[in-house]
Amino acid sequence: MTLFEKIANHEIPAKIVHEDDELVAFHDINPQAPYHIIIIPRKAISSINDVTLSDATLVGKMVVLAGVLAKKLGVEESGYRLVFNCGSDAGQSVDHIHLHLLGGRGLGWPPG
Ligand code: AMP
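So that you can map any letter, position 55 of the sequence shown is 1377 in the working numbering, and since no number is skipped, the others follow by simple counting.
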């Protein structure tokens, strides 16, 4: 079981900001911006490479939740970034798909 599944199951503590039947969102332990939230599905999917059309609604809900949380954080006007890291070149370190929500400061482009 991955670290993020353990967080979703409350086996490892995290600052959870949202949970429902399908999704869990929590503060990143090593924030890269004033606001850095991780959104995961409860379903174990290793990476975006493993997402299929049958997961389209689930992944769509992750994006919808990100927008809801961005509004709650008050960054909907100032801006924010959503990121799926996939694989080693992107720095994916946990093999359970997760959407990063980063906001609260200017974010450089292109990313490092
Ligand atoms: P990635 O590099 O895209 O795989 O992102 C994994 C993220 O999970 C990193 O930003 C880590 O800081 C974060 N992370 C690792 N362990 C924990 C934890 N126990 N609680 C919250 N976030 C974590």
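Just so you know, even glycine gets a beta-carbon here, dropped at the ideal spot from N, CA and C. Since the model is a prediction, treat every value here as computed from it, not as a measurement.
#### Entry: Whether I1362 touches H1418 by CB criterion (8 Å)
Numbered from its first residue, the sequence shown carries residue 1362 at position 40. Numbered from its first residue, the sequence shown carries residue 1418 at position 96. Cβ distance < 8 Å, so I1362 and H1418 count as in contact.
### Query
What does G1425 pair with, by DSSP beta-bridge criteria?
Counting from one through the sequence shown, the residue named residue 1425 turns up at place 103. The partner list for G1425 (beta bridge, DSSP) reads Y1357 and Y1402.
### Message
Looking at the strands, I want to know which residues DSSP matches up with L1345.
### Response
Locating residue 1345 in the sequence shown gives position 23, counting from the first residue. The partner list for L1345 (beta bridge, DSSP) reads P1363.
### Query
When you compare each of G1396, W1431, R1427 and E1327 to I1367 by their alpha carbons, which one comes out closest?
By one-based count along the sequence shown, residue 1367 stands at place 45. In terms of CA proximity to I1367, E1327 leads the group G1396, W1431, R1427 and E1327.
### Task
State the Cα-Cα distance for the pair Q1354 and T1374, rounded to the nearest angstrom.
As a first step, residue 1354 must be located in the sequence shown, where it is residue number 32. As a first step, residue 1374 must be located in the sequence shown, where it is residue number 52. Those two C-alpha atoms are separated by around 29 Å.
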